[in-house]
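Residue numbers (my numbering), protein chains in the order written: chain A, 75 to 551; chain B, 442 to 654; chain C, 269 to 570; chain D, -3 to 661. The beta carbon of each residue, even a glycine, is placed where N, CA and C say it ideally should be.
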Amino acid sequence: MLAVLIILPLLGALTTWLIPSDRLRPVALSAFALGHLGTTIQLLICTPAESPGGWFHLDALGKIVLLSTTVLFMFCAIYSIGYLAYRVERSNRVFCSSLLICLAAASTVTITHHLGLMWVALETTTISMTPLIYFKRNARSIEATWKYLLICSVGVALALIGLYFLAYATIVAHVEPSLLLDDLLSDAGKLSSGWVHAAFVFLLVGFGTKMGLAPLHTWKPDAYGESPGMVGAMLAGGLVNLAFLALLRVYQLCMATKEIAFFQNALVAMGLISMIFAAIFMARQADFKRMLAYSSVEHVGIMAVALGLGGKAVFGALFHIMANSLTKGVLFLSSGNIHRSYNSKKTDHVRGAIRRLPWSGSIFLAGFIAITGSPPFAPFISEFTIVSSAFIQGRYIVASLFLVSLGIIFIGMALTVLPMVMGDPPSDSETTLYKDTLWTVGPPLSLLLLIFLLGVWIPAPLMDILSEGASLLEVKQ
Amino acid sequence: MITIADQLLVLVLLINFVVLGTSRLIFSIRAVAVQGVILGVLPALIHPFSWHLVGIISMILVTKGVVIPMMLSRAMRSAEIKREAEPYLGYVPTLLLGAVFTALSFGFAGKLPMLAEHQNYIFVPASMATLMAGFLILTTRRKAISQVIGYLVLENGIFIFGLLLADAMPIMVEAGALLDLLVGTFVMGIVINYISREFASLDTSRLTSLKEE
Amino acid sequence: MTNSIIHIFLAILMPPLLIGVIGKTKALFAGRTGAPFLQPYYDIIRLLHKGSVFSSTTTWIFRAGPIVALASTSIAALLIPFGAHPSPISFQGDMILYAYLFALGRFFTMAAALDTGSSFEGMGSAREAAYSCLAEPTLFFALITLSRLSGSYSLSPMLINISFGIWLNAGAALLMLVGGMFIVLLAENCRIPFDDPNTHLELTMIHEVMVLDHSGPALGIIHYAASLKLFVLGAFFVHIALPYATGNPYLDWGLFIISMLELAVVIGVVESVMARLRLIRVPQLLVAATILAAFSTLLVIR
Amino acid sequence: MLCALQGVYDPTVVALTSAFFIGFAGIPGLFISKPGFGQLLATVITIAASLSGFAAALVLLFSQNTTTFAVNWGLPFGPCEISIDPLSAFFLIPVYLVAASGSLFALGYWPAREHPSTEKSLTFFYGILAASMAVLLTARNGVFFLMFWEVMAISAYFLVVTEQSREDVRKAGTVYLIATHTGSAALYALFSLLSAESGSLTFPVAGSLLPYTPAATAILLTAFVGFGAKAGIMPLHTWLPQAHANAPSHVSAIMSGVMLKMGLYGIFRTLTFFHDPPIIWGVVLTVAGILSALFGILFALAQKDLKRLLACSSIENIGIITTSLGVAMLGISSNNRTLAYLGMAGALLHILNHSFFKPLLFFGSGVIIHATGSRDMNLMGGLAKNMPRAALLFLIGSVSICGIPPLNGFVSEFLIYSGFFSQIQASTLVYLVLLAPLLALVGGMALIAFTKLYSSIFLGTPRSYFSTAVHEPGFTMLLPMAFFALLCVLIGLLPYQALRFVNPAINVFMPGTAIPFNPDGYGDVLGKISLTGLSLVALAAVVTLFWRWRMQRAGSTTGSTWGCGYQRGSSRMQYGATSFSELPVSVFNGIVRQDIKRPVLSGLFPGKSLCSDAPTETFLERVIAPLFSLAGVSFAFLRRLQHGRMHVYMIYIFATLFILMLWAH
């Protein structure tokens, strides 16, 4: 059953590659996305046992990431029907196929317990996203693609050497050499601390680069800024979570080796640095897609801080995976619409979006309110959990820095977003073909409703999964 | 056999310095190709024979020895460049840094506990030193091609370490990892060609329009 | 009851007399015979019999000005004790009402002046606003000092409490208070050196310029209210400065009347020997008064 | 009728249901395309729901026992408790009253026919704002509270930017949103700290927390910043004048009359959690309060925009309330029940008063803006002739807000003064009395500010052409004003009755005895105030009759204002708003300024030239703006880290690797 999660998108990739019509392909993409979502839900309801050999196991952490990825993917796919209708000038064959390959790889990351395989799948997602970033085929997008590819590749390569260190540590410790998570967890106590430490550092830097923790985030603004809105959504809401899942696995290992304190502190430090960086870069941002990229840096920072804090904050981190990816979907999809309508992503040109695009503009504004942690949206729940946990643990400095950077980020983002959406559109702005339609507005709107719903009510089954995930990451003294 | 492997690793280290010290791109490309071929042969020396192994080795030899060098030289020709004109850091300092990093690598490896049978060989330091050499090339060179070369060297460093792990890594995963790295390099080659078409140059200092004002 | 009736009787009848005494004093200083003491009464009665002229720009606010000014001052007159006799209405905190009643009158007087749309009257009310605002804290410092000395915060006990004994104990404080309060008394009643009730040179006036457009009965009411205000504030001042008391109720009434007349004479003397201050000096003098009063407060509460 | 209601329904449920209806009153309108009907429907629903909610609030205010509902919601923050104790019920009163009257006012002020593009969102968010305030008062769980707090803050933002086509409106909205969100960040910390102290996010039981711990200080500090920013206590007030000035007037009314009070409610509520508050808390509140009052009124004095003046005066009034609360805390700390009672009663009654006269004045400003289309007082004048009824109602508001007898503002200030003076015999607390002259100064300046406001708008002759065509507003606009004016007069004349509404809320602060401090002693005093107030009215009537009689005898004529001999006087020569306050403002030069740009005239026949003036916002311009530009410069410097050169990005990665390696070993 788990295999379906991988095979179905691969099949989809093949199908979309074979479909000749540009118009039909996004529909097929959506169909496969729906199928994937259905399979996921089916798997969440009755989860299969661990596969023989322990290579595949859908545990609670995987479920959270899988669910948020597939939901976001589904809405992005539906959005692509409307979006690609505006980009008829070029074939979307590679676009659709790459997306589905990426989905297959992403599913693999979430269900595997073999760290090596996880790494392979993660690198596959990196590579499969490359053509998507280059979708616009201009000088800027090639530059972004180049930076994305090289920096992420180097980062992920460092993660690979981290994994090698880990594997070597098992050899040195004379236990069964393995990169299976469960084996490592059970043997963790015996591993040599020197190698393990080195491994953790390399893994943190490697996956941190992929995730975009500052100062390893440098590819993010370029890649998010130059790729189409829905690709940005997938990058910020999907790929980031996969890297975070990888970090969660490392975290599990750290707990088992009792070397958690260093890793936690490093996470808190890098998380806070990311938030502060994001705060600095978001103020007076002239390009709203780059602003969203920095917002993504901020939110991976939040997740890192939460994970580093431990305790109840871990629950917040897990919920934030979901909240962040869905909210990023809202923001990137609606910003994509605004971009299409104004044919510019400069905040100087985009004015009065609510007047010009009542739906997209309002959704974008609501998304901004949501992402900055205002109730009644889901990110509020996670962010508040994290802050309160920090205070309860008595880590006042961390909590204050956290709040201060949230405050600066809000100011910076408000000063960028509010002029964009409020007021009257400039009279001299370019007229474009774009109009809000059900296909382009429906997906972000649905995502918005979803984060609203999660902001006021977390369904019991989801709550169970989250609590189970949090218990997996509970530091036992 | 493993002793021969050790000798070959010394060669790999020397190639690092060659790449660090040369300004002619075509020379670097060939040097890295040679490095790739040497590394491709190494598994045969330390692992027992299997058909998987043959497959992997031939894959490595074909991609690292032939495909990637060809792609890079084509990009080089189409962009009409021959040498790395003005690196961010001169060749002599780069070489010196390379030497320092190599020394550090030996120090780093000495600090970590080794398996007894690996104790006398230079796998770990060679891996680290190659990694660092790759890093140096990535950070000091201006041309996109040089950066790909840097990435290749970095990847070779990782590969050396992977040789120690024959038992831990299932061959499938090992192959998958390798494939990914190769595909990555391959895609980079494609992107390089796009860059040279778009900018008529492979100078990455041109690729700085995406920044904060 | 008798005392209350005398109190109301005095409050109604006596105020214009003070104006008359001041006028007479000033005349004597100037070497003139001067108008009779009762001249202000004649003036008011004459004005009440005159017809009125209303500016076409004004509204009912213009007419409400004199009425409210008179009504609020009259109520204030019921709150203040005269001489050694408690006031008809007295309760804890009545001095706050006392202070704020003047504010009520001021609000309407200023509004009435501004209602005419004349730039001169606007100027007058702007000045009135600024100066009376600066005078406000002085009054409150005085109230604090008195209330600390007497232990009560109602006007009647706190003012009747002042005696020569207290002067002996807290002489410095009371002296400063007298100084400060005298300045406020002059400022609030628009006397020299703050204002000159006799000139009609608009640029230098405050109160007089505000009532330029009132005529007939309205002007009569205003004059009467102004004299009542002098009387009421004067009674407050007289309590501090001249705390005579005999114990005999009728003698005390007499003493009170004499003290008030003394005050009128003093004001007349001051007006005769001093010149009007330049307008920009006025705030400085008022702040000086506040500082005096504040010092006296600090002396008694430390 | 109230009792019957109590028998059948639980009043808490009624209050919440009313809030629900108010919140969704604007929704039908979103789907009704015919302009006006949706607005009318929303008004009807709001008024009906407000009346029932008001009744429920009254029942709850006077009921002895409080019902608590524990709702099991789907969020991981413990059970969500909802209850309305007398303190909440007290704050609910203005919520419902102002919501209903504002909604009625909007019918005339912002009719759908004239504002088709903005009316719908305005009506919708207005309902949301009112409802969220009602709900947050019932919250007993930190997160539930925060949620509605944010809903309130954000809906207020959308109300402020109703006229978003205008640049200054957008700017005001942005500043507001930033300020409120910064405050919310402090509240995140507050509720986190509270939950760390008490173990759950449910509000701690009154008097259950220890005050002498560092955590308690942090709690109070965050509460002060978070709630103080909403209430507009100095120096957290910067958003307030612009936001209130630029919102539609009925929105300003509910923001100023009610929303600011939510900040105060937060401070009140936080204080109930502690027993034995230390002296320093009272001192801090008192000092912050009196400074707010002084600077607030000083800023008000310098304004020429009528709504900004009103907004600054809100800062002043909030300052007075905070001072009084500080006095009450000092009373509680020193176990002085009289002081505590007087401070608390003064604070709460002033809250009630301010939520009556401030909406009245903002409604009035709405009437003025509706009629003239401007907010600049320097351009107005003479409106009283064209709209006598509105002028009368506005006058009542102006007199009330100055704290002048016989209206309601005086009563609360009287209680506060009584608090100061009640400690005249004490040894340390006597220094409290030094606040009296300061408050008197505040009162004096308020008098100038509101004389200026009232006179320059309603009196004299029109200074600009548009003021001549104005007319009396319709009854939908006059009725709400008249309602609040009536309340002001009633409280002013019958203060003892007003105090009965305040006493139950004071109970919350002084638990232990059922009726803590029977204000019998003050019943007498307040009775005397009633007496003097009534006799003042009677005396004024007598004088009026007397004058009438004299005038009938002597006759009267009409002429023009005496121009002191000058024949060509124009309405522009009148003392305007700026010139009226020039002298008092110049006394405080440095703290606040009216920057007057005078033209330089030369030659015998100088040509046309312009004289302009603008009040300066000292704090915003001297502190906040430089801070922001400093941050901007330093951020711009740091932003160079993202320079686009990839080889340096690589160095970042390896540097991180090295640093972490060094840290790890």
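Check whether the Cβ atoms of residue i and residue j sit closer than 9 angstroms, and answer yes or no.
i, j, result
"residue 290 of chain C", "residue 535 of chain C", "yes"
"residue 425 of chain C", "residue 358 of chain C", "yes"
"residue 456 of chain B", "residue 482 of chain B", "no"
"residue 219 of chain D", "residue 275 of chain D", "no"
"residue 528 of chain D", "residue 343 of chain C", "yes"
"residue 557 of chain C", "residue 447 of chain C", "yes"
"residue 549 of chain A", "residue 385 of chain A", "yes"
"residue 350 of chain D", "residue 307 of chain D", "no"
"residue 556 of chain D", "residue 415 of chain C", "no"
"residue 432 of chain A", "residue 444 of chain A", "no"
Give the range of the alpha helix (DSSP H) segment to which residue i is assigned.
i, result
"residue 170 of chain D", "163 to 194"
"residue 257 of chain A", "255 to 261"
"residue 524 of chain C", "517 to 541"
"residue 596 of chain D", "Run containing residue 596 of chain D: none; DSSP gives neither H nor E here."
"residue 460 of chain D", "Per DSSP, residue 460 of chain D belongs to no alpha helix (DSSP H) and is neither H nor E."
So is residue i in contact with chain B if we call contact Cβ pairs under 9 angstroms?
i, result
"residue 295 of chain A", "yes"
"residue 197 of chain A", "yes"
"residue 266 of chain A", "yes"
"residue 655 of chain D", "no"
Starting from residue i, trace the beta strand (DSSP E) both ways and give me its first and last residue.
i, result
"residue 710 of chain D", "Only positions -3 to 661 of chain D appear in the structure, and residue 710 of chain D is not among them; the question remains open."
"residue 554 of chain D", "552 to 555"
"residue 322 of chain C", "320 to 323"
"residue 66 of chain D", "64 to 67"
Any Cβ of chain F within less than 9 angstroms of the Cβ of residue i?
i, result
"residue 649 of chain B", "Included in the structure are the protein chains A, B, C and D, with no chain F among them."
Using a cut-off of 7 angstroms between C-beta atoms, extract the partners of residue i located in chain A.
i, result
"residue 588 of chain B", "224"
Contact check, residue i vs residue j under 8 angstroms by CB: the rounded distance?
i, j, result
"residue 356 of chain D", "residue 269 of chain D", "Actually they do not touch by this definition, with Cβ atoms about 34 angstroms apart."
"residue 522 of chain B", "residue 643 of chain B", "6 angstroms"
"residue 271 of chain A", "residue 333 of chain A", "7 angstroms"
"residue 645 of chain D", "residue 347 of chain A", "Actually they do not touch by this definition, with Cβ atoms about 15 angstroms apart."
Establish whether the CB of residue i and some CB of chain A are separated by less than 9 angstroms.
i, result
"residue 598 of chain B", "yes"
"residue 191 of chain D", "yes"
Using a cut-off of 8 angstroms between C-beta atoms, extract the partners of residue i located in chain C.
i, result
"residue 583 of chain D", "398, 402 and 551"
Please compile the residues from chain D whose C-beta is within a distance smaller than 7 angstroms of the C-beta of residue i.
i, result
"residue 652 of chain B", "638, 639 and 640"
From the beta carbon of residue i, is the nearest beta carbon of chain D less than 9 angstroms away?
i, result
"residue 468 of chain A", "yes"
"residue 318 of chain A", "no"
"residue 361 of chain A", "no"
"residue 430 of chain A", "no"
Could you name the residues of chain B that residue i contacts, counting a contact when the two beta carbons are closer than 8 angstroms?
i, result
"residue 650 of chain D", "576 and 580"
Can you check whether the C-beta of residue i is within less than 9 angstroms of a C-beta belonging to chain C?
i, result
"residue 342 of chain D", "no"
Determine the chain D residues that contact residue i at a beta-carbon separation under 8 angstroms, and present them in chain order.
i, result
"residue 221 of chain A", "642 and 645"
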